[in-house]
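This report concerns only the one structure given below.
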């Protein structure tokens, strides 16, 4: 029986209430009848009542200590659980996951990002060093994960892991969003960015917007290191009063981000990222979240992104370094509120009918049922 199967999710890096790990995968498996435990760091804001058993581990200020001591702590706790399935989310845990693997259990490697591309994107690394890092990591990864099942958060990861199974990071359809009617209130001249803030995610581009368009504000809701917050204010210069950041040096929970979507009648969700190997290929999770909330999107015009925006008619794609194009996209939405609302409705419809987590939850549960039979 499925209900007797014990599943343990492992992470030493992610927040215990991470949207993919906790809100999507753990809760979906729990609702399907699996006995689910999560081993993760303790939430800085404290534990909350949940249907998922959470075993907290220590937090480490040093990345090296986390990788060594934290991984060993995860292993000691996980081994005692004697799970039918161990599902881990961080490459640094692959060695302890290998130690947990035996003939009677299943180990699942959940690949959230193209880790190698992320690792070698530092400009200061020489090409020869980047090549060595890539070859070394792939060799180590191939050895330790050979007998693991793999689930992939992005379609293009199949190029790297052809044996992997897609469980895409689509959003959970939000009932409040379904009931939220943007048509009966004026659209505000406010742009929204949600999620983690860093340079690869536009931290040096988005704060230029108040300089580019004199009427709009830009609101950031998500974890933002203080050094980036300071840099963003500097970039905005005399217009920094139109930059608003919620989440400086702290995790912002999914529920708080969802409430932010409902708090105003936003003009658009933004994702003006610089071109990097990872994002040029990726279907951005942020797109699905903006679409879920009924917001049009203003994003970089990477081929894959523009193709997505055109397919669903849900926004405007522009050159992230073309100030005139950015200004004109913002101005178009301001001057054409009906078209802006229609873009939002098109995106919401696509999420409700196709691009939603329930389709992926069904895939995950089918995989688990197959792997634990």
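In our numbering, the protein residues as written are 954 to 1326.
A virtual CB, placed ideally from N, CA and C, is assigned to each residue, including glycine.
For the alpha helix (DSSP H) that residue 1280 lies in, which residues bound it at each end?
Counting along the chain, the alpha helix (DSSP H) containing residue 1280 begins and ends at 1276–1288.
Candidates 982, 1031, 1174, 1189: which alpha carbon is nearest residue 925's?
Absent from the model: residue 925. The displayed extent of the chain is 954 to 1326, so no value can be given.
Taking the C-alpha atoms as reference points, what is the distance between residue 1304 and residue 1282?
Spanning the two alpha carbons is a distance of roughly 23 angstroms.
Buried or exposed: which applies to residue 1274, given that a residue is buried once 16 or more other Cβ atoms fall within 10 Å of its Cβ?
With fewer than 16 Cβ atoms within 10 Å of its Cβ, residue 1274 is classed as exposed.
In the DSSP assignment, what residue or residues form a beta bridge with residue 1177?
The partner list for residue 1177 (beta bridge, DSSP) reads 1201.
So which of 1248, 1048, 1272, 1271 has the shortest CA-CA distance to residue 1301?
Comparing Cα positions, the closest option is 1248.
With a 10 Å radius around its C-beta and 16 neighbouring C-beta atoms as the bar for buried, classify residue 971 as buried or exposed.
Around the beta carbon of residue 971, 16 or more other beta carbons lie within 10 angstroms, which makes this residue buried.
Between the CA atoms of residue 1062 and residue 949 - distance to the nearest angstrom:
One cannot answer for residue 949 here, as it falls past the ends of the chain, which runs 954 to 1326.
Under the three-state DSSP convention, the category residue 994 falls into
Here residue 994 sits in strand by DSSP.
DSSP three-state label for residue 1123, please.
Three-state DSSP puts residue 1123 in coil, outside helix and strand.
Could you check where the beta strand (DSSP E) with residue 1147 kicks off and where it finishes?
First-last of the beta strand (DSSP E) with residue 1147: 1143–1147.
Give every residue of the same chain whose Cβ lies closer than 6 angstroms to the Cβ of residue 1041, excluding the five residues on either side of it in the sequence, and list them in chain order.
Sequence-distant Cβ neighbours of residue 1041 in its own chain, meaning closer than 6 angstroms and more than five residues away, are 963, 1050.
Taking C-alpha atoms, which residue in 983, 1004, 977, 1008 lies nearest to residue 992?
Considering only alpha carbons, the answer is 1008.
Output the distance between the C-alpha atoms of residue 1105 and residue 1140, rounded to the nearest integer angstrom.
If I take the Cα positions, the gap works out to 37 angstroms.
Give the secondary structure of residue 1009 by DSSP, where H, G and I count as helix, E and B as strand, and everything else as coil.
Residue state, collapsed to three classes: strand.
Assigned secondary structure, residue 1182 (DSSP; H/G/I helix, E/B strand, else coil)
Per DSSP, reduced to three states, the secondary structure at residue 1182 is helical.
Could you tell me whether the segment 1109–1120 touches the segment 1306–1322, using the rule of 3 or more Cβ pairs below 8 angstroms?
At 8 angstroms Cβ cutoff, the stretches touch.
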